[in-house]
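This report refers to the structure that appears directly beneath it.
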Amino acid sequence: MRDCMRRILKGFVERITHDEALSAFAAGKSVTLHFTLTDLELAFFLQLQGGEITADLGDPAAPADVELRMRAEILDGMFTGRVNPMQAAMGGRLSFSGDTAKAMTLQNMQDDLARLYQESREEAGDPGDLAAIPDATAAGPAAAATIAAPAPIGSAGDLRDTLLQTVHELYVAELITATGGNVSVRIPGTDQLWITPSQMFKGDLRPEILVRLDLDGHVLDPGAPSPSSERMMHCLVYRARPDAQAVVHAHAPHATMLVNTGLPFLPVSTEAAFFGDIPRVPFIMPGTDELARAVAEAIRDGWAVLMQNHGILVAGRSLRRAADMVEIIDRSAEIILGCYAVGKEPTTLPGDVVEMLQKMGDLMA
């Protein structure tokens, strides 16, 4: 496999150096990207400088602006469309260091790089099951992670366990209340989802009381508890955003205060800038089809919606990311409210930085 990947990468860097589209893109750029495949101990770099692009196997002559380390299967997936690089970075499968602004160069070249990689891959042949390669940098079992809140009791051995852990974390963080808020996750490869039940204490849920629905909101298992009264909001969001794999509706206190006061959601940090101007819907009675339709329409071009006198809804490409985004938005709202509370206008990031981070935000959702 290593020899095959080396042939693929050799053809890849040769094509990069002679590609007219990439040469045109290189105009006015000064960026060096260095890729290391940790499991095969292979490396290559590409450099954009003064309207020219060069690439080769090995390491660049000078320190790179951006260092990317990953397994071969991740690189192969990035350039064959099977792996989203930003999601791989968020999930720890791709290690990134260096200049964030210059790292966006990779995203802007993604289509051309994918084209050239696939040409080289077709010429060199299929490298085989790259996931089976042991990582040369592995250093044994990782230490157990420290978890702030204990996991819920009970295990289903499936996606419900992750859903329960996420609900518990949100409850401990006071982003959902005893019976307020609801969380769902799409069952992979289906048009079905697991959702929290209605009016049950969120601090002590069990796998057997989660409810399985189709995207029309129908309960699929006889004898199941009543699903969340907001189930249609979840279902319509999944229909509006087919790429969404999870939905969190939270009664997050600071986000709710922000929308109730009419104050803007501002890019007061790099994390806040990911979201841009979060759309808002006026108060509509919770649990109604009218609210579900309004939220689904508002979220088509983003990942979050603020609901006046109600809370927030966030969708994500993973349950972990959806929950993280709820916390980021609520903490950002707390900073914004705090600035206004002491009579100060919040300082915000420069416009060019905000524009760059908003592009990254969609990729990371």
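Letter by letter, the sequence shown follows residues 7 to 371 in our numbering.
Think of the CB as a built atom: it goes at the ideal place given N, C-alpha and C, for glycine as much as any other residue.
The structure displayed is predicted, hence computed values, not measured ones.
Are residue i and residue j close, meaning C-beta to C-beta below 8 angstroms?
i: Tyr177; j: Leu269; result: no
i: Asp45; j: Ala78; result: yes
i: Ala120; j: Gly83; result: no
i: Leu39; j: Leu74; result: yes
i: Glu180; j: Gly17; result: no
i: Ala339; j: Phe271; result: yes
i: Arg21; j: Leu122; result: yes
i: Ala300; j: Arg247; result: no
i: Glu367; j: Phe281; result: Note that residue 367 is Gly in the sequence shown here, rather than Glu. Against a cut-off of 8 angstroms, the Cβ pair of Phe281 and Gly367 comes out as a contact.
i: Ser235; j: Ser190; result: no
i: Thr168; j: Leu297; result: no
i: Gly317; j: Thr262; result: yes
i: Leu264; j: Leu343; result: yes
Would you mind working out which of the options sits nearest residue i, comparing C-alpha positions?
i: Leu43; options: Arg99, Lys35, Pro69 and His24; result: Arg99
i: Val254; options: Asp307, Pro228 and Trp200; result: Trp200
i: Arg218; options: Leu211, Asp210, Pro228 and Ile341; result: Pro228
i: Ala278; options: Trp309, Gly131 and Glu47; result: Trp309
i: Pro231; options: Arg212, His240 and Ile341; result: Arg212
i: Val19; options: Ser235, Leu52 and Arg306; result: Leu52
i: Arg127; options: Phe85, Arg306 and Ser190; result: Phe85
i: Ser36; options: Arg13, Thr60 and Asp222; result: Thr60
i: Asp249; options: Asp307, His174 and Met76; result: Asp307
i: Gln171; options: Pro203, Asp135 and Asp210; result: Asp210
i: Val332; options: Ile182, Ala109 and Ala302; result: Ile182
i: Ala30; options: Met115, Asp71 and Asn90; result: Met115
i: Pro66; options: Gln55, Leu54, Ile215 and Phe50; result: Phe50
i: Val89; options: Ala137, Pro69, Asp164 and Thr276; result: Ala137
i: Val360; options: Met291, Gly163, Asp283 and Ile335; result: Asp283
i: Leu165; options: His174, Glu175 and Pro194; result: Pro194
i: Arg245; options: Thr202, Thr196 and Asp71; result: Thr196
i: Phe102; options: Val72, Pro133 and Ile139; result: Val72
i: Gln251; options: Arg327, Gly134 and Asp135; result: Arg327
i: Thr276; options: Gly293, Pro91, Ile335 and Pro233; result: Ile335
i: His260; options: Pro233, Glu214, Ile341 and Leu216; result: Ile341
i: Arg323; options: Arg192, Pro133 and Met76; result: Arg192
Got a sec, what are the start and stop residues for the beta strand (DSSP E) residue i sits in?
i: Asp6; result: Residue 6 lies beyond the residue range present for the chain, which begins at 7 and ends at 371; the question has no answer from this structure.
i: Arg192; result: Asn188 to Arg192
i: Ile318; result: Gly317 to Gly322
i: Glu58; result: Glu58 to Leu63
i: His257; result: Note, His257: premise wrong, no beta strand (DSSP E); not H, not E.
i: Ala310; result: Ala310 to Met313
i: Phe51; result: Leu48 to Gln55
i: Leu199; result: Gln198 to Ile201
i: Thr38; result: Ser36 to Leu43
i: Arg218; result: Val217 to Asp220
What does a CB cutoff of less than 8 angstroms around residue i pick up in its chain, not counting 5 residues either side in sequence?
i: Phe207; result: Ala184 and Thr185
i: Asn266; result: Gln314 and Asn315
i: Leu48; result: Arg8, Met11, Arg12, Leu15, Thr42, Leu63 and Ala78
i: His24; result: none
i: Asp295; result: Met238
i: Gln124; result: Phe85 and Thr86
i: Ala144; result: Legend: pLDDT at Ala144 = 44, less than 50; position of this residue unreliable, value from coordinates given subsequently. If we look at Ala144 and ignore the five residues flanking it on each side, it has no Cβ neighbours.
i: Ala27; result: Asp118
i: Phe289; result: Met313, Gln314, Asn315 and His316
i: Met110; result: Met362, Lys365 and Met366
Residue range of the alpha helix (DSSP H) that residue i falls in?
i: Asp295; result: Asp295 to Ala304
i: Gln171; result: Leu165 to Val178
i: Glu79; result: Ala78 to Thr86
i: Ala278; result: Thr276 to Ala279
i: Asp227; result: It is not in any alpha helix (DSSP H) - Asp227 carries neither H nor E in the DSSP assignment.
i: His240; result: Arg237 to Ala246
i: Arg12; result: Arg8 to Thr23
i: Phe31; result: Glu26 to Phe31
i: Glu214; result: Looking at the DSSP string, Glu214 is not in any alpha helix (DSSP H), and its letter there is neither H nor E.
i: Ser338; result: Leu325 to Ala347
Could you name the residues of the same chain whose beta carbon sits closer than 7 angstroms to that of residue i, not counting the 5 residues immediately before and after it, in chain order?
i: Ala33; result: Gly57
i: Ala386; result: Because the chain in this structure spans residues 7 to 371, residue 386 falls outside the shown range and cannot be described.
i: Gln198; result: Arg218, Leu219, Asp220 and Leu226
i: Asp107; result: For the record, residue 107 in the displayed sequence is Ala; it is not Asp. These residues qualify, in order along the chain: Met362.
i: Met291; result: Leu297
i: Pro140; result: Asp45
i: Asp105; result: Asp71 and Val72
Residues in its own chain within less than 6 angstroms of residue i by CB, not counting five upstream and five downstream?
i: Ala94; result: Ile80 and Leu100
i: Gly187; result: His255, Ala256 and His257
i: Leu355; result: Pro273 and Ala279
i: Ala149; result: No answer about Ala149 holds up, because its pLDDT of 37 lies below 50 and its placement is not dependable.
i: Leu319; result: His255, Val301 and Val311
i: Gln55; result: Ser36
i: Thr353; result: none
i: Leu216; result: Arg166 and Trp200
i: Met76; result: Leu100
i: Pro133; result: Met7, Cys10 and Met11
For the ligand ATP, any of its heavy atoms closer than 7 angstroms to the Cβ of residue i?
i: Asn90; result: With respect to small molecules bound, the structure shown includes none, and the ligand ATP cannot be examined in it.
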